[in-house]
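In this note's numbering, the protein residues as written are 156 to 236. Cβ atoms here follow ideal geometry from the backbone N, Cα and C, with glycine treated the same way.
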Amino acid sequence: MTTELEEGRLEAAPAASAPAKISWREKRYRRRRRRVWFEEILGWILVPIILFGGYWLVMVTLDGLGTSPSAIIDGIRSINL
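Encoded structure:
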């Protein structure tokens, strides 16, 4: 048991090295990934808004002209027959 106590001085633990700097390719890859995620989220938000806005614009325009989509379709059908 005494031999374990008399082994000598302990060596210093190695200092923790700083994390390696990321390369320019890794930075570019991360920027692209962030941009892709941002565009995806933006698309999920903007596409429904644009579709609803287009529908609303058509309906308001037709209502302002005093007609409806069904009246226009009936008029087109009567011309073709």
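task: Compute the Euclidean distance between the alpha carbons of residue 164 and residue 174, then round it to the nearest angstrom.
output: Counting from 1 along the sequence shown, the entry for residue 164 is found at position 9. Counting from 1 along the sequence shown, the entry for residue 174 is found at position 19. Between residue 164 and residue 174, the alpha-carbon positions lie close to 30 Å from each other.
message: Just to confirm the assignment, what range does the alpha helix (DSSP H) spanning residue 220 have?
response: Here residue 220 refers to the residue found at position 65 when the sequence shown is read from its first residue. Run containing residue 220: none; DSSP gives neither H nor E here.
task: Excluding the 5 residues preceding and the 5 following residue 224 in the sequence, name in chain order all residues of the same chain whose CB lies nearer than 7 Å to its CB.
output: Here residue 224 is taken as the residue at index 69 of the sequence shown, counted from 1. In chain order, 217 place their CB closer than 7 Å to the CB of residue 224, counting only its own chain and leaving out the 5 sequence neighbours on each side.
Spatial distance of residue 189 from residue 182 (CA atoms): Here residue 189 corresponds to residue number 34 of the sequence shown, with the count starting at 1. Here residue 182 corresponds to residue number 27 of the sequence shown, with the count starting at 1. Their backbone Cα atoms lie some 11 Å apart in a straight line.
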